[in-house]
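Worksheet for the structure shown next.
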Amino acid sequence: MVLFGAAGDLAARLIFPALHHLNRTGLIPQNFRLLGVDLADHDTASWTGELVAKLDPADAGQDDASLAGLLARMEYMRGDIGEAGTYRRLRARLDAIAGSFGTNGNVLFYLAVADRFFAPTVDFLAAAGLTAQTDGQWRRVVIEKPFGHDLQSAIALNRRLGQTLDETQIFRMDHFLGKETVQNILTFRFGNGLFEPLWNRDRIDHIQITAAETVGVERRGHFYEQTGALRDMVPSHVFQLLALTAMEPPVNFSADAIRRAKADALCAIRAPTAQDLVRGQYRAGTIAQGRVAAYRDEPDVAADSDIETYVALRLSLDNWRWAGVPFYLRTGKRMSRRTTEIAIRFKDSPMAPFAQQDLDAQGPNWLVLTIQPDEGISLQFDVKRPGPLVERAPVLMDFKYKDWFPPEPNVGYETLIYDVMIADATLFQMAEQVQAGWRAVDSLLAAPAAACHPYRAGTAGPAAADRLIRPRTWRNLTGR
Ligand code: BG6
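Counting from 1 along the sequence shown, just add 43 to a position and that's the residue number in this note's numbering.
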C-alpha cells in the first residue's frame, strides 16, 4: 500500500489506526508493506513515531506485538507528489519491495491528499507505468472526498481518471459507508421479511434524515469557505443514507447490483428548487463543551461570510415506491447534540379506534435507525397506559448495538480498507452514483445563493427550517 499524504491528518487519525486494527484481527497479510509518501521532513522512524504518538492511548499498549509487527513493515519516502521524479523513485522502490517481500507487484495507492491532487497524481502514476495491471498483478486507487464540487467537475474528474484507469481500479471513498450502522441498513431492510412490505408510499408518511454535529469548522475554515454544508455533506454522506433507505431491493448482493440500485434511487430525485432549501450559519453560543465562537470568527473565515454551516432540504423521489412521500434532510455544525439518524414516520391509522379520543391524540409510529453516536434501531408505538382509564402512551422498543455486541476498537475505515484489498467495491461509489448525487443538487448550486439564516450555536438550527417542514415538525435532536 502506498499512502500519499502519509504525514497528514487523515493518515494519523483514521488510516493508520484502521490498519493497526486490521492487523490485530489478522486481516493484514504477512507480506504487506506500507510505503508512506509525503513532502514532510521525516524518515521512517520519525514518521512511525509520530503515528504511534497520535494513536488513541487505549489502542497502543507498550508490549503490543501486533503493532510492532505492523511498524516493522512500514517505510517512509520523502517526495513531492507534483514531481515526476517522485514516481520514478516510487517505481524503483515498489519493484524492490515486490522482489523482497513477495507482494506480486499488487499495489493499493491511497490518495489521502487534497482533492486538487487527485487527477494529477493519477496522471503521474500512469505516466510512470504504475497503474498498469500486467502479469496478474493488480493496481487500485483509493480516492477520498470531495469528488468534484458540482456536477460538471465530477464528470470531468471521472473522465480524467477514466483515461488512465479502468473503472474497476477506482475506489471512491465515502467514509459514511464504513460505519457499521450504515452497512446494517441493507441487512435490516432486505434480511428481514417484516419491514419491506411497509417500506413504501402506502405506509410511510415522510422520512427525516439528520446529520447533526456539535463540532464547528475546526481548522478547516479555508476549505469550508469554498465548500459549505450543502456541498460538504449532502451529495456524499447524506445521500448515501438516502440511497440506502430509498433503493429498490437489488437483484442480487453483488457490488454492481447494489450500487446500481443505489444510483437509481438518486436518479429519481426531482430537482429541488430554492423553496426546498434552507441555509443557516452558526453564531456564537453555548454547547456542552462551553461557549463557542461564531462561524465568522473562526480562523480563515471572512468576517462577512455568507457560507452555510447548516442546510435543510425537502426532496421528492419520482418513482412508484416514493411518489408523494417527502424526504426531509438536514445537516449542520454546532448544533445542540451530535446525532445522525434516519427516521421513518409511518402514516396514522385511518380512524380513531377509541370513541373518547380523536386522531390528534394518537402518538406517531416512528422507526428510527440511529447511525451515531448510540448505534441502534428503535420503534415507537402506542400502548395502553396501565389503569382503569383507556389512555394511550407512546413507548419505545429500543435495540442498541452495544447491548448485543461487544464494542471493538473501530475508526470506521477498517472495512473500507480491507474491502479495497479484496476488491469488493460494494461500499465504494461508482462514477454514476457520484454524478447522480451532484446532479440532484446542481439546480441549487447553480442558482444564486438563498438567504443564509443565522442560528445560535448549541441549538437545532434556524427557525426557517421549521417552516420548510410544515405541517410536520422536525424530530427533537435528543432522539424523541
Ligand atoms: C466529512 C466532512 O466528510 O465528514 C466534515 O467534510 C464532517 O465536515 C464529517 O464533519 C462528518 O463525519 P463523521 O464521521 O464525524 O460523522
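Cβ atoms here follow ideal geometry from the backbone N, Cα and C, with glycine treated the same way.
Rounded Cβ spacing between residue i and residue j (contact assumed at less than 8 Å)
i	j	result
leucine 273	valine 354	5 Å
leucine 487	methionine 378	Not really, about 21 Å apart at Cβ, beyond 8 Å.
alanine 197	alanine 306	The Cβ separation is near 13 Å, so there is no contact.
threonine 164	isoleucine 124	5 Å
alanine 311	leucine 360	4 Å
leucine 220	tyrosine 153	Contact flag wrong, Cβ pair sits at about 16 Å.
cysteine 495	aspartate 347	Not quite, the Cβ-Cβ distance comes to about 11 Å (not below 8 Å), so this is no contact.
Beta-carbon gap between residue i and residue j smaller than 8 Å
i	j	result
leucine 62	arginine 136	no
arginine 134	leucine 173	yes
arginine 364	glutamate 256	no
alanine 508	valine 321	yes
proline 189	aspartate 158	yes
valine 260	glutamate 341	yes
isoleucine 250	phenylalanine 370	yes
threonine 253	arginine 76	no
leucine 65	isoleucine 420	no
asparagine 564	threonine 129	The question about residue 564 has no answer here: the residues shown for the chain are numbered 44 through 523.
histidine 85	alanine 50	yes
leucine 356	aspartate 417	no
phenylalanine 167	leucine 200	no
alanine 436	arginine 518	no
alanine 300	valine 294	yes
threonine 384	isoleucine 414	Per the sequence shown, the amino acid found at residue 384 is glutamate instead of threonine. Contact flag set, yes.
Option in the options with minimal Cα separation from residue i
i	options	result
glycine 406	Arg428, Tyr130 and Ala317	Arg428
glutamine 212	Leu470, Lys188 and Leu151	Leu151
glutamine 269	Asp193, Asp391, Ala298 and Pro437	Asp193
serine 143	Arg116, Phe160, Phe161 and Leu154	Arg116
proline 100	Ala474, Pro452, Arg499 and Thr458	Pro452
threonine 502	Arg263, Lys376, Arg202 and Ile512	Lys376
valine 463	Ala49, Ile71, Phe167 and Arg67	Ile71
tyrosine 338	Thr207, Tyr153 and Arg326	Arg326
alanine 466	Gln180, Arg357, Ala127 and Ala492	Gln180
alanine 470	Arg215, Pro497, Ala170 and Val184	The sequence shown places leucine at residue 470, not alanine. Answer by Cα proximity: Arg215.
arginine 203	Ala96, Leu284, Ala169 and Leu285	Ala169
alanine 308	Gln283, Lys443 and Thr329	Gln283
alanine 171	Asn149, Ile186 and Glu126	Glu126
Exposed unless 16 or more other CB atoms sit within 10 angstroms - verdict on residue i
i	result
asparagine 408	buried
alanine 55	buried
isoleucine 247	buried
valine 277	buried
arginine 388	buried
glycine 323	buried
aspartate 91	Here the sequence assigns threonine to residue 91, which means aspartate is not the residue at that position. By the neighbour-count rule (16 or more Cβ atoms within 10 Å), threonine 91 is buried.
leucine 402	Because the pLDDT of leucine 402 is 49, which lies under 50, any placement of that residue in the model is unreliable, and the question is left without a value.
valine 527	In the structure as shown, the chain starts at 44 and stops at 523, and residue 527 therefore has no counterpart that could be examined.
glutamine 206	exposed
methionine 44	buried
tryptophan 447	exposed
serine 89	exposed
Item checked: Continuous alpha helix (DSSP H) assignments of at least 4 residues falling wholly in the region 57–140 -> 59–67, 87–96 and 108–114
Notebook entry, point to check: Curious, which full-length beta strand (DSSP E) runs of at least 3 residues does the region 236–293 contain?
Noted result: 247–255
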